[in-house]
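Note that the protein sequences, when read in sequence, are chains A and B. Numbering-wise, the first sequence is residues 1 to 542 according to this note's numbering. Numbering-wise, the second sequence is residues 1 to 566 according to this note's numbering. Cβ coordinates follow ideal geometry from the N, Cα and C atoms, glycine included.
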Amino acid sequence: MNLLPSLAGMAAAATSHLAVPHIDYLSILPIMIMLGGAVAIIGWSSLLRRPLDVTWVTSLTVLTATAALTMSLFQWYSVLHSGAHTHIDGAVVMDGFSVLVSVLVTCAAFVSAVVGDSWLRREDVRGPEYHVLMLVSASGAMTMGVANDLIVVFLGLEILSIALYVLAAFNPRRAESGEAALKYFVLGAFSSAVFVYGIALVYGATGTSNLPQIADYLARNVALHDGLLLAGLALLLVGFGFKIAAVPFHLWTPDVYQGSPTPVTGFMAAVAKAGGFAALLRVFVSSFHLLRADWQPPVWVLACITLVLGAVVALLQQDIKRMLAYSSINHAGFILLGLQAATARGVEASLYYLFVYSFMVIGTFGVISLVAGRGDRDHGLETYRGLASRQPWLAGALVVLLLAQAGVPFTTGFVAKLEVVTAAVHGGSTALAVVAMVTAAIAAFFYLRVGVLMYTPAPAGAGEDGTVGEALGDAAPSPDDPVLVGVGEAGAITVGTLSSAPAVPAGAAFGIALCVLVTVVFGIWPQPLTAFAHHATLVLAP
Amino acid sequence: MGPSTTFPYLTTLVLLPAGAAVACAVMPKSMSERAQRRAVLTVGTLAMVAALALAVTIAVEFRVGDGGYQMQSVHQWMPQLGVSWHLGVDGISLFLLLMAAVLFPLALLGATVRQKSRSYVVWLLVLEAACMGSFVSLDLILFFVFFELTLVPVYFIIVGWGSGRRAYAAVKFFLYTFLGSAFLLVGIVAVAVIHDQQTGHLTFDLVALQSTHLGLASQILLFLAFTAAFAVKAPIFPFHTWSPDAYSSSPTGGAVILAAVMAKLGTYGVIRFDLTLFPRAVVDLAPLLLTLGVIGILYGAIVACAQRDLKRLVAYSSLAHIGFIVLGTFALSTEAVTGGVLQMVNHGLVTAALFLLIGWIWDRRRTWRTDELRGLQRPAPILAAMFTVVMMASIGLPGLNGFVGEFLVLAGTFLTHRWWAVVATTGVVLAAVYLLWAFQRVFHHAPGPEDEHTRDLGWRETAVMVPLIGLIIFLGVYPKPVLDRITPTVTALVHHVDAATGRVQPPVANGGVAAAASTAAAGGTRASTAASALTAACRHHGQSAWVDGRHVVCHAAVTTSTRRLP
């Protein structure tokens, strides 16, 4: 008689073509809003005869991001009150961790949208593609945050990456942009292949691709011959390593960071890292926690060389975007400290680091985008000579953001470094913590180099170089007029004194100011953010 | 720990300069350059004078004879990380606080800058807040935050208003200290984590961490990590190479603060954190640090002899004086440590005065080279007189403050580490050599054609100098009120080290014979000074017998201790 129910079940499976799992929309609502916003914007603009105005696109993107952010906060209350849940047949999860990643990514999209707005106007790029691709890419990162299944992780990874490949190529007037996109695409596709292969091997070894089930399998079974599993794990690590730009999988980073349009670089540094690390932390710390004796040593080595190489090679760079690319590699090393600890504290620290780093890096690239001038060309360190006398506010913002990246107290960068170092020492990796802090000191050197250049007076006449002349358009500067107001081709109002570069456009100014504010305010008063990160636990806490 | 005062003195002391900095920073730009300059100078001076008044109030409210932390204020700051806003003052930090409060307004008024006054004043105020914060923090992370925060204003002051290779000097300074701090941060976190593992409570509070049990190996490692940062900041030989560059490239005000106040952060850190947290490592590694201190004294003095640049000369002499502080700290007798603390204050006052004076020489002559200056005494007698007093204090002439500190340090060191004290004494002689040489070259002889019309000090400069000279003389003639407040804390600290290590030192070194005979009150410094001379005498006379009962006690004490000391 026992057969009967199972027979009935089989019959039911045979009759219904597709078993549709129950979908709890709240768990994926932020992602759907981001994608929906993207679709709405592109749909609307395709119905119009002429390209949609940038102002509209930016406003809609900001609206979308804000809506997604609000929904994430709803999720937060749900998680706080009714705990973490898996949804959609265990494919996605809604826990504190995923909510924090959603908040992070939506904030990053928000700031990138306003910073990118100024770039689009200056470069005279029409159409909604930049914002749409950014929203799509962000939704990919959010998918990686909620993914509870290796297949969903892969799905998110691809959504994130493919949009980013296009974004990297977004400046058609620069050959480097296309080159960067091609490099990113080839290496990214390669790493995706490695990643999928890793999933296949893990599936072969455990019989499931679902993350809690993998953990469950590992808890119930002791694999005597775990070569297949470990090989899969290694391939997953390589695949993630590409996304988060860990040495030795970092080779694409400097070229792509340098070649991509500058606001895209900022977005890429924040969101691609966030997505990659979110999935990496979830997969390794919660699913493969029992195998930590196997993966901790390689991650230790990976973190160590990532930290050292990122800091040391950045010293040699003469191009600020390349320099920050290596600095972002150094930061990836810091975030790896949290992973290496393989503890709840480590995850919390990594998440906090990612969160505050996003604001720092988007703000930094926002400033760089403005300094680079029309055409997004001037990225040599020499461009920054005397910036403080030309544009004191911009220089001040850049100094704050760079000092934050260096980890100076009363900025979020310091709290982040303190968190990861505490996690590392707690996890018993004191040596790695020492390495990390020494590289932070090395890194301080190249951040300071930019700082010094900005406060070194420019040689005579340097203030009236090409950028000013171009930005002021045809308005011939008269020597007696201290302030010029010119209307550029793209419609941006440029205000500047004779010896200064054009004033900061409103969008970028807002975005950068927001980043600086977050960096300083939560550096002095870290309680809300650290508490947020503290409660952002994984559903399967280590 | 006594009843907490109702008014949060220390928090106010830290926040007052910070608030003034914000006020100066947001001052409307529409004012004319001159009006703005006057406004920021007024706000800055008022804030600094208010801070001084507050510091004096703290000193008045300070309970004499209490060796613990007073006027504590505790608030949560980052509860997830166990970091709290815990401030407190004791005998060691009290006078550093006062010294900083005195020196900041003098540095501001004594060395004004011509351009960008607003940012200069803002940075100076931020620096004051950070220095005050460092001296009163009783939470390790809070201390680290302030300790690191001092770098930023100094960096900008050197880059913005310095001279010579200022960018190079600023970056070198920042990086050296930042690198040292990297070890300090990991060390701090490691102590807290060990404490967490022992008690299940993550905290960075110094008072709580004091009870952490640390093995000797971890104590040594942690001691090295902490001391790396402090040695760079102080600077202790051989970590000093940034300091001559930074001192000579910074503007006068910056140099005053760098050498007089910020150098003390390093030596203060050693006393406050190393001695409290790692007593066993301190005792084990004391010979190493003592040797570095002595090398610093000799090396600084010898290099200073060879300098032809007044500012670099003062920079190297500063290295030598820091050597005395290190010597006092690691000699680990009550007198030596008291002397070390006092010497921190003395060195601050004297170095600040020296930097201000040579800054004024620069204002007049645009040179610091001793071979280009001659016979300044005739055109500028007040300058010369002031320089003489300050120089004599630096040499250690009795009656001026330098003598008291150096004497206590040397006497205290002689008790526990005789040969180091003997070698270090030559440093006193060398100090006389280079300072007198420099003084002769610059002030004596007939003035050259360019020197003849050197302006003497104006009323404003004299007004800046008078308090410094007054303090130098006061501390030299009547140091008792200061020593009365320092000694209980130092005695408690040395007892803490002794208790943790099982070390037994000459009872005379722990508060004097009188204390051993249980007759001494808490502030028996004069007794202890006398006792140290007595002990030295005892040792000189070897095993000779003394009739008086008190001297027999002394004799017995010395012999027992020599036997028990490793």
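Practice task
Compute the beta-carbon to beta-carbon distance between Ala51 of chain B and Pro17 of chain B, rounded to the nearest angstrom, for a pair I have assumed lies under 8 Å.
Solution key: Contact between Ala51 of chain B and Pro17 of chain B holds, with the beta-carbon distance rounding to 6 Å and staying under 8 Å.
ask   = In chain A, which residues lie with their C-beta within 8 Å of the C-beta of Ile78 of chain B?
value = For the sequence presented, residue 78 of chain B should be read as Met rather than Ile. Correct list: Val415, Pro526, Gln527 and Thr530.
What residues in the segment 152-172 of chain B bring their beta carbon closer than 8 Å to a beta carbon of chain A? So the close ones are Val152, Tyr155, Phe156, Val159, Gly160, Ala167, Ala170 and Val171.
Close-in-space but distant-in-sequence residues of the same chain around Arg322 of chain A (CB under 6 Å, 5 per side omitted):
Once the five neighbours on either side are set aside, the close Cβ partners of Arg322 of chain A are Pro254 and Gln258.
| request: Could you work out which residues of chain B lie near Tyr455 of chain A, taking near to mean beta carbons separated by less than 8 Å? | output: What Tyr455 of chain A touches in chain B: Phe156, Val159 and Gly160.
- Task: For the segment 394-404 of chain A and the segment 426-443 of chain A, state whether three or more C-beta atom pairs, one from each stretch, are separated by less than 8 Å.
- Result: Contact between the segment 394-404 of chain A and the segment 426-443 of chain A is absent, because fewer than three Cβ pairs lie under 8 Å.
_Proximal residues of chain B, C-beta to C-beta of His250 of chain A below 7 Å_ = Result: empty, since nearest Cβ-Cβ is about 23 Å, beyond 7 Å.
Checklist line | Alpha carbon of Phe156 of chain B to alpha carbon of His240 of chain B, nearest angstrom | finding: Going from the Cα of Phe156 of chain B to the Cα of His240 of chain B covers about 20 Å.
Alpha carbon of Ile115 of chain B to alpha carbon of Thr422 of chain A, nearest angstrom:
As written in the sequence, residue 115 of chain B is Gln, which differs from the Ile given in the question. Taking the CA atoms as reference points, Gln115 of chain B sits about 43 Å from Thr422 of chain A.
request  = Classify Arg374 of chain B as buried or exposed, calling it buried when 16 or more other Cβ atoms lie within 10 Å of its own Cβ.
outcome  = Label assigned to Arg374 of chain B: buried.
Please state whether the Cβ-Cβ distance between Pro263 of chain A and Val166 of chain A is less than 8 Å. By the CB criterion at 8 Å, Pro263 of chain A and Val166 of chain A fall outside the cutoff.
Taking the alpha-carbon positions, what's the Ala91 of chain A to Ala279 of chain A distance? Cα atoms of Ala91 of chain A and Ala279 of chain A: separation of roughly 13 Å, rounded to the nearest angstrom.
Exercise. Can you grab the Cα-Cα spacing for the pair Arg292 of chain A / Ala344 of chain A, in whole Å?
Key: If you take the alpha carbons of Arg292 of chain A and Ala344 of chain A, they lie about 13 Å apart.
*asked:* Counting only Cβ pairs nearer than 9 Å, list the residues of chain B close to Leu403 of chain A.
replied: Within chain B, the C-beta atoms nearer than 9 Å to that of Leu403 of chain A come from Val152, in chain order.
- Query: Any idea what DSSP makes of Asn547 of chain A, helix, strand or coil?
  - Reply: For residue 547 of chain A there is no data in the structure shown, the boundaries of chain A being 1 and 542.
Query raised in the report: Which of helix, strand or coil does DSSP assign to Gly88 of chain B?
Result: It is a strand residue.
| query | Beta-carbon separation of Ser27 of chain A and His87 of chain A under 8 Å? | reply | Yes. Within cutoff.
Closest Cβ-Cβ distance between Pro17 of chain B and chain A: below 8 Å? Not one chain A Cβ lies under 8 Å of Pro17 of chain B.
**Prompt:** Are the C-beta atoms of Glu33 of chain B and some chain A residue less than 8 Å apart?
**Reply:** No - not a single Cβ of chain A is within 8 Å of the one on Glu33 of chain B.
| query | Taking just the CA atoms, how far does Phe147 of chain B sit from Ala522 of chain B? | reply | Bear in mind that a pLDDT of 35 at Ala522 of chain B, under 50, signals an unreliable position, so the model cannot answer this.
Q) Which residue from B:Gly396, B:Leu376 and B:His495 puts its Cα closest to that of Glu452 of chain B? A) In terms of Cα proximity to Glu452 of chain B, the closest of B:Gly396, B:Leu376 and B:His495 is B:Leu376.
Proximity test, Cβ basis, 8 Å: Ala190 of chain B and chain A: Answer yes: the Cβ-Cβ gap between Ala190 of chain B and chain A drops below 8 Å somewhere.
(Q) I'd like to know if Thr343 of chain A contacts chain B, where contact means its C-beta is closer than 8 Å to some C-beta of that chain. (A) Residue contact check for Thr343 of chain A against chain B: no CB pair falls below 8 Å.
Practice task
Could you check how far apart the C-beta atoms of Leu354 of chain A and Phe277 of chain A are, in whole angstroms? I think they sit under 8 Å.
Solution key: About 6 Å separates the beta carbon of Leu354 of chain A from that of Phe277 of chain A, a gap short enough to meet the 8 Å contact definition.
Given a cut-off of 8 Å, decide if Ala332 of chain A and Thr519 of chain A are closer than it, judged by their beta-carbon atoms.
No, they are not a contact pair.
Exercise. Kindly indicate which three-state DSSP category Arg369 of chain B falls into: helix, strand or coil?
Key: Arg369 of chain B falls in the strand class under three-state DSSP.
Proximal residues, the segment 125-148 of chain B versus chain A, C-beta separation under 8 Å: The segment 125-148 of chain B vs chain A, Cβ under 8 Å: Ile141, Phe144, Val145, Phe146 and Glu148.
Q) Going by Cα to Cα distance, which pick from A:Ser78, A:Phe334, A:Ala508 and A:Val361 is closest to Ala440 of chain A? A) Per the Cα distances, A:Phe334.
In chain B, which residues lie less than 7 Å from His563 of chain A when you measure between Cβ atoms? Because chain A in this structure spans residues 1 to 542, residue 563 of chain A falls outside the shown range and cannot be described.
Using alpha carbons as the reference points, say which of A:Gln318, A:Ala19, A:Asp294 and A:Phe97 lies closest to Leu233 of chain A. Residue nearest to Leu233 of chain A within the set A:Gln318, A:Ala19, A:Asp294 and A:Phe97 is A:Asp294 (criterion: CA-CA distance).
For Ala380 of chain B and Phe226 of chain B, the rounded distance between their alpha carbons: Each residue's CA atom was taken as its position, placing Phe226 of chain B and Ala380 of chain B some 46 Å apart.
Option nearest Pro392 of chain A by Cα separation, candidates B:Thr11, B:Phe7 and B:Lys29: Among B:Thr11, B:Phe7 and B:Lys29, the Cα nearest to that of Pro392 of chain A is on B:Lys29.
- prompt: Quick one: is Leu517 of chain A near chain B, going by C-beta distance under 8 Å?
  reply: No, no contact with chain B.
With a cut-off of 8 Å, does the C-beta of Phe446 of chain A fall near any C-beta of chain B?
-> For Phe446 of chain A, the answer is no, since every Cβ of chain B falls outside 8 Å of its Cβ.
| said: Does chain A have any CB closer than 8 Å to the CB of Val404 of chain B? | reply: Put simply, the CB of Val404 of chain B is far from chain A, with every gap to its CB atoms at 8 Å or more.
(Q) With three or more beta-carbon pairs closer than 8 Å as the criterion, would you say the segment 175-189 of chain B touches the segment 226-237 of chain B? (A) Per the Cβ contact rule, the segment 175-189 of chain B is in contact with the segment 226-237 of chain B (3 or more Cβ pairs under 8 Å).
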